[in-house]
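Novice: Chains A and B, in that order, are what the protein sequence lines are. The number in the working numbering is simply the position in the first sequence, starting from 1, with 692 added. The number in the working numbering is simply the position in the second sequence, starting from 1, with 280 added. All C-beta atoms, glycine included, are put in the ideal place defined by N, C-alpha and C. Because the structure is a prediction, the values reported are computed rather than measured.
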Amino acid sequence: MSPPSSNFRRTIAILATSRHRTLWLLMACSLGAMAFGQQSSNTETAIRALEKEWTYAQGHNDNRALDLIFDNALVYVEYGRLVSKGEYLARIKHEIPSSDEIVMDPVTVRAFADTAVVIGTYREKKLHRGQREIKRWRFIDTWIYKKNGWVLVAAASTPLR
Amino acid sequence: MAAFCLAALCCTAQANRDSKEEQELLALERVAKLQACESKDLATLDGILDDGFLYVDPSGKHYTKREFFTFVKSADSFQYVTEAMAVRLHGNTAIVTGLYQIRIVLHGQPSLERGRFVDTWLFENGKWKGVASIDVSTQ
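#1: Does A:I832 have its Cβ less than 8 Å from a Cβ in chain B?
#2: Run the CB neighbour count on B:T344, radius 10 Å, all protein chains shown included, and call it buried at 16 or more, exposed below.
#3: Check the Cβ of B:H227 against every Cβ in chain A and list those closer than 7 Å, keeping chain order.
#4: Give the interface partners of A:T850 over in chain B, defined as CB-CB distance under 9 Å, in chain order.
#5: Let me see if you follow: with CB-CB separation under 8 Å, is B:G332 close to chain E or not?
#6: B:K407 by DSSP, collapsed to three states: which one?
#7: For the region 374-381 of chain B and the region 355-365 of chain B, state whether three or more C-beta atom pairs, one from each stretch, are separated by less than 8 Å.
#8: Would A:R853 count as contacting chain B if we go by Cβ distances under 8 Å?
#9: Measure from the alpha carbon of B:N372 to the alpha carbon of each residue in B:N296, B:L306 and B:F403, then state which is nearest.
#10: Report the rounded CA-to-CA distance for A:E816 versus A:A805, giving the unit in angstroms.
#11: Can you say whether A:G812 is buried or exposed, counting buried as having 16 or more other CB atoms within 10 angstroms of its CB?
#12: How do the region 732-750 of chain A and the region 795-809 of chain A stand: do at least 3 beta-carbon pairs fall below 8 Å, yes or no?
#13: Check the C-beta distance from B:T400 over to B:V411 and give it rounded, since I have them as a contact under 8 Å.
#14: Along chain B, which residues have their Cβ under 7 Å away from the Cβ of A:T807?
#15: May I ask which residues mark the beginning and end of the beta strand (DSSP E) holding A:D797?
#16: Sorted by chain position, which residues of the same chain lie with C-beta nearer than 8 Å to A:L774's C-beta, five sequence neighbours on each side aside?
#17: In chain B, which residues lie with their C-beta within 7 Å of the C-beta of A:G772?
#18: Got a sec, what are the start and stop residues for the alpha helix (DSSP H) A:Q750 sits in?
#19: Which of the three DSSP states is assigned to B:L305 in this structure?
#20: Would you identify the three-state DSSP class for B:L314, choosing helix, strand or coil?
#21: Grab me the residues of A:N764's own chain with a C-beta within less than 8 Å of its C-beta, minus the 5 sequence neighbours each way, in chain order.
#22: Can you tell me where the beta strand (DSSP E) holding B:G327 begins and where it ends?
#23: Between the alpha carbons of A:I739 and A:V809, how many angstroms are there, rounded?
#24: Kindly list the residues whose CB is nearer than 7 Å to the CB of A:A848, restricted to its own chain and excluding five residues on each side of it in sequence; keep chain order.
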C-alpha cells in the first residue's frame, strides 16, 4: 500500500483550510473516477480522502456533503443498531456541531476493482455529564464505485475493549 | 405496449436473478457460520473466504484470514447462530446484515455474545467470496 504523494498531501492542506468543502468533495469523487481501472493506490488515496471528508462533514452537520458520500441503500450499524441513511442524516442535522470530536487513526484500505474495504480505529471524545470521555472504536467501511463516483454502502464500528 | 412488456420482462428477469443471488449468499452465510466454524471445517471456510478476508470481533480485535483460522482451531467449541439476515446487492458486491449469537468455549472458559453483523461479499471468477466481516455487540 503506498501512501498519498506529497503533492496530494499539500492539496489536502490547501483545501482543508478553504471554505469550498463541497468543491473539495466533488474533487475527491473525481479522483475516485480517475482511479477506476488504474492502480489500486489511486483508489486508496481517493477512499482515504472520502473518509476524512465524512468525518469533517459529520462534525459540521454538512448533510449536503454526507448525502453525496452515502449510497441511498447505506447500511450503518451505530451502537449495535441498524440505521438507514435517512435516519443517520436526520440525527446529524439536529446535533450540535462538533459536540463530539472524532479523531481518525491511520486506516488500511483494501481495493478490489470497484469495491474498497477500509479497516481502522478512531477515538471519540464525548462530553458525558460534564466529563470529557474518550472511547476507541474499530470499524469496517465498504465503498463501491458507482456511476457518479465512490459511495459508502456499509459501515459498522465496535468499541475496543 | 411492446416496449412496456419488454421492460416488465427485463424487470422480472433482474428480480429473479437478484433473488437467486440473495438465496446463494444466505446459504453461504449459513455454511460458513453455522456449519464450517462449528465443525472447524477450514477447507470449506478457505473456499468461501477471500485470501484478503478481514474480521473484527465484538471486542474490536481484528483478524486476517490466517489469524481467524487459528482462532477457530483454538476454540474448544464454537457455535455461531444467525437470524434476521438481509442482503443488499450492488452489482458484484453484496452486503449481508443480520443478528448473531456466538457461544464459544476458549481454554475451558465459556462465553456468550449477541449482536449484529455486517458482511461484505464480492463476486469474482464466478464465485461469491467473503472479504470482510464485523460483529458488533448489542449487549
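Specialist: Inspection of the coordinates gives the following:
#1: yes
#2: exposed
#3: Given that chain B is displayed from residue 281 to residue 419, the structure contains no residue 227 of chain B and the question cannot be resolved.
#4: V336, D337, P338, S339, G340, G395, I414, D415, V416 and S417
#5: Here the protein chains are A and B, and chain E is not one of them.
#6: strand
#7: yes
#8: yes
#9: B:F403
#10: 32 Å
#11: buried
#12: yes
#13: 5 Å
#14: T373 and L402
#15: It is not in any beta strand (DSSP E) - A:D797 carries neither H nor E in the DSSP assignment.
#16: V767 and Y768
#17: G395, R396, V416, S417 and T418
#18: S732 to G751
#19: helix
#20: helix
#21: K777
#22: Premise fails: B:G327 lies in the alpha helix (DSSP H), L322 to I328, not in any beta strand (DSSP E).
#23: 9 Å
#24: V769, F831 and I832
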